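Here is the structure we will look at.
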Ligand code: ZN
Ligand code: MN
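Residue numbers (this note's numbering): 4 to 503.
Have a look at this one:
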């Protein structure tokens, strides 16, 4: 019996996201700390000085609610904050202001492609801690702390233990990142620490456990295996890799009769392994207590309505619409809608092409150009499609001219590249080619004749059975017509003439 037939994988995810606000969660210090001089964005509140009083950031709470609405959560009408105590140098107050019994958002979900539903237990509002770095110099070890990050708004998304594979965890995290970016909740750049994923993982024997009310329960006298938590994961791909690694490690341990202890592990991206950090025999005691310095905040129906109006069409809905109303392939629809920027570009191009091509053909043409030429140029140059700075109406003109048969697709792509690389004027170039086509269109016959005379070797080869040399001749003629002739037509004329 293979291991995957014997064991089920059970994953829960905790995702922390720094939300896009100008100022910190409980003070007016600016949030943009990236590459700023350490300890310049600080005040008595975010330094945790005695007597300083926190004032909640309204926008941060709105963004937390927005994430809840976008993930089908219930929104609490009264917001309470709590103190979560632990002692660590990056937490100068000795506690983090967070939420304990009541989270702003509860009972949400996101549906995955395979139809499985990831249930979201809660999304709560809290604040980030400072950043510590550890150094050693002349055999002396020391740590430095930068409080610029202390107090930056964070939301924490907690799923129930209902994710069944590394692949599902990756898809869920990707969707959360897409929603964050589509709704401007966060840039969610994992490399910059704006989004942090911490999976907890256990493996249990099939048929010996059940999932009930968000909990994993043993059946009969089965003893559940402990779960492990993995921290420090720096990318969504690493979330998948870390889980895959951990599942294999857990299964091996169980098969070898080792007991799994509840523990926290770190992901070592360089080595591609998880490493033991600390064991966790009982749940941490954070001595939660209500935050006495912040009054209960009421959320009204009007607030919810106003925040809802920030919800735009999300990637899943876009994908669905591209497929059902325009007949775009599922793959293309998913790729295009994966970023708001590309989806907007695609929809604008479709709109400009529509009057000439009709809605569906316009969409298919736009999708083909985006998925083909535009993405390949964008990958080559390491810039996004909008950074290419091509005017959509000019691009549409180019596509329509190609559709009219004024030039070939190769020529059109070549032209587009030249325009991006050398800033050539697309409209003027198209005019030139139109002119060239008019000039040569009556002459195709002559050009073909001339080509036959000038390339006796290729003609000879073709006549002696080397069919490939016809391609060479067609190429020569296409060159002579500056790519404006129809290659199929040229080929037919050529074959006709060579028969004689
Ligand atoms: Zn401050
Ligand atoms: Mn947290």
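No residue lacks a Cβ here, since even glycine has one placed at the ideal position from N, Cα and C.
Owing to the predicted nature of the structure, the values given are computational and were not obtained by experimental measurement.
*DSSP on residue 420, reduced to helix/strand/coil?*
Three-state DSSP puts residue 420 in a helix.
*Is the stretch 87–101 touching the stretch 148–166, taking contact as three or more C-beta pairs under 8 Å?*
Yes, the stretch 87–101 touches the stretch 148–166.
*8 Å Cβ cutoff met for residue 156 and residue 22*: Cβ atoms of residue 156 and residue 22: closer than 8 Å.
*Quick one: give me the first and last residue of the beta strand (DSSP E) that residue 109 is part of.*
Taken as a continuous stretch (DSSP letters only), the beta strand (DSSP E) holding residue 109 covers 108–114.
_Touching by the beta-carbon criterion (3+ pairs, under 8 Å), the stretch 179–189 and the stretch 337–346_ = Judged by pairs of C-beta atoms under 8 Å, the stretch 179–189 touches the stretch 337–346, as three or more such pairs exist.
*Please name the residue in 235, 216 and 208 whose C-alpha comes closest to that of residue 222.*
When 235, 216 and 208 are compared, the shortest CA-CA separation from residue 222 is found for 208.
_Shorter than 7 Å, the distance from the beta carbon of residue 154 to the closest heavy atom of the ligand GDP, or not?_
Questions concerning the ligand GDP fall outside what the structure shown contains, since the ligands it does hold are the ligand ZN and the ligand MN.
*Host beta strand (DSSP E) of residue 15 (start-end)*: Per DSSP, the continuous beta strand (DSSP E) segment holding residue 15 begins and ends at 10–21.
*Applying the criterion that 16 or more other CB atoms from any shown protein chain within 10 Å of the CB defines a buried residue, is residue 468 buried or exposed?*
Taking all protein chains shown into account, residue 468 has fewer than 16 neighbouring C-beta atoms within 10 Å of its C-beta and is therefore exposed.
*What residues in its chain sit with their C-beta under 6 Å from that of residue 203, if we drop five residues either side in the sequence?*
15, 230 and 232.
*Relative to the ligand MN, is the shortest distance from any of its heavy atoms to the C-beta of residue 129 smaller than 7 Å?*
Checking every heavy atom of the ligand MN against the Cβ of residue 129, one is found closer than 7 Å.
*Within the present structure, is the beta-carbon of residue 19 separated from the nearest heavy atom of the ligand MN by less than 7 Å?*
Yes, the ligand MN has a heavy atom inside 7 Å of this Cβ.
_Nearest residue (CA-CA) to residue 320, options 411, 333, 309 and 310_ = If you compare the alpha carbons of 411, 333, 309 and 310 with that of residue 320, the shortest gap goes to 333.
*asked:* Closer than 5 Å between the C-beta and any heavy atom of the ligand ZN: which residues qualify, listed along the chain?
replied: Proximity annotation: the ligand ZN has residues 30, 32, 46, 48 and 49 in chain order, each selected because its CB is closer than 5 Å to a heavy atom of the ligand.
_Closest to residue 430 by C-alpha separation, out of 399, 458, 460 and 454, would be which residue?_
The shortest C-alpha to C-alpha distance from residue 430 to any of 399, 458, 460 and 454 is the one to 399.
*Determine the burial state of residue 141: buried for a count of at least 16 other Cβ atoms within 10 Å of its Cβ, exposed for fewer.*
Residue 141 should be labelled exposed.
*Could you tell me whether any Cβ in chain B is nearer than 8 Å to the Cβ of residue 36?*
Looking at the structure shown, chain B is missing, and only one protein chain is on hand.
*Is residue 354 near residue 330, with beta carbons less than 8 Å apart?*
No, the Cβ-Cβ distance between residue 354 and residue 330 is not below 8 Å.
*Just checking, does the stretch 122–133 make contact with the stretch 153–169 on the three C-beta pairs under 8 Å criterion?*
Between the stretch 122–133 and the stretch 153–169 there are three or more C-beta pairs closer than 8 Å, enough to call the two in contact.
*Using 8 Å as the threshold, is the stretch 253–273 in touch with the stretch 210–218, meaning 3 or more CB pairs across them?*
Remark: fewer than three beta-carbon pairs, one from each stretch, lie closer than 8 Å, so the stretch 253–273 and the stretch 210–218 are not flagged as touching.
*Measure the C-alpha to C-alpha separation of residue 403 and residue 359 and round it to an integer number of angstroms.*
Distance from the CA of residue 403 to the CA of residue 359, rounded to the nearest whole angstrom, comes to 8 Å.
*Does at least one heavy atom of the ligand MN sit under 7 Å from the Cβ of residue 189?*
Outside the cutoff, so no.
*asked:* Please state whether the Cβ-Cβ distance between residue 67 and residue 122 is less than 8 Å.
replied: Cβ distance not < 8 Å, so residue 67 and residue 122 don't count as in contact.
*asked:* Any contact between the stretch 49–65 and the stretch 296–303? By contact I mean 3 or more CB pairs, one from each, below 8 Å.
replied: With the cut-off at 8 Å, the stretch 49–65 and the stretch 296–303 touch.
*Hey, residue 109 and residue 77 are a contact pair by Cβ (cut 8 Å); roughly how many whole angstroms apart?*
Indeed, because the Cβ distance is near 5 Å, the residues count as touching under 8 Å.
*DSSP puts residue 372 in a beta bridge; with which residues?*
In DSSP, residue 372 forms no bridge with anything.
*asked:* Measuring only from the beta carbon, is residue 101 closer than 7 Å to any heavy atom that is part of the ligand MN?
replied: Result yes, Cβ under 7 Å from the ligand MN.
*Start and end of the beta strand (DSSP E) containing residue 156?*
First-last of the beta strand (DSSP E) with residue 156: 156–162.
*Examine the Cβ distances between the stretch 21–38 and the stretch 166–176 and report whether three or more of them are shorter than 8 Å.*
Under the Cβ criterion (8 Å, minimum of three pairs), the stretch 21–38 does not count as touching the stretch 166–176.
*Throw me the rounded Cβ distance for the residue 436 and residue 487 pair, which I believe falls under 8 Å.*
The Cβ separation is near 6 Å, so the contact holds.
*Could you name the residues that DSSP lists as bridge partners for residue 333?*
For residue 333, DSSP assigns no beta-bridge partner whatsoever.
*Looking at C-alpha atoms only, which residue of 9, 277 and 391 is the closest neighbour of residue 266?*
The shortest C-alpha separation from residue 266 is found at 277.
_Among 501, 392 and 426, whose alpha-carbon lies nearest the alpha-carbon of residue 458?_
When only C-alpha atoms are compared, the closest one is 501.
*Three-way DSSP call (helix, strand, coil) for residue 53 in this model*: Reduced to three states, the DSSP call for residue 53 is coil.
*Distance, Cα to Cα, residue 391 vs residue 365?*
Cα to Cα, residue 391 sits roughly 21 Å from residue 365.
_I'd like to know whether the C-beta atoms of residue 269 and residue 235 end up nearer to each other than 8 Å._
The Cβ atoms of residue 269 and residue 235 sit closer than 8 Å to each other.
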